[in-house]
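Numbering (my numbering), first residue to last: -7 to 65.
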């Protein structure tokens, strides 16, 4: 989450607003990892980041990652 936020220059507050989650929830997810949060919260964060142009890369032997979509608007 931190890496994705960094790519698009968002603060935790901006991610909270875009995802419809509270700031404490975003902070907890970043501290403990998304696996410790509800599936709905993880999905809300993923959708918000993808709408902002983030692409999530599945693990391919080199580990999972994030990058920016080329046609980001």
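For glycine and all other residues, C-beta sits at the position ideal for the given N, C-alpha and C.
DSSP state of residue i mapped onto helix, strand, coil
i          : result
residue -1 : helix
residue 95 : Any question about residue 95 goes unanswered here, given that the chain covers just -7 to 65.
residue 38 : helix
residue 59 : strand
Nearest neighbour of residue i, chosen from the options [CA to CA]
i          : options        : result
residue 5  : 45, 31, 37, 51 : 37
residue -1 : 47, 52, 24, 51 : 47
residue 43 : 10, 25, 31, 32 : 10
residue 21 : 45, -6, 1, 39  : -6
Alpha-carbon to alpha-carbon, residue j and residue i
i          : j          : result
residue 29 : residue 63 : 30 angstroms
residue 41 : residue 8  : 11 angstroms
residue 54 : residue -4 : 17 angstroms
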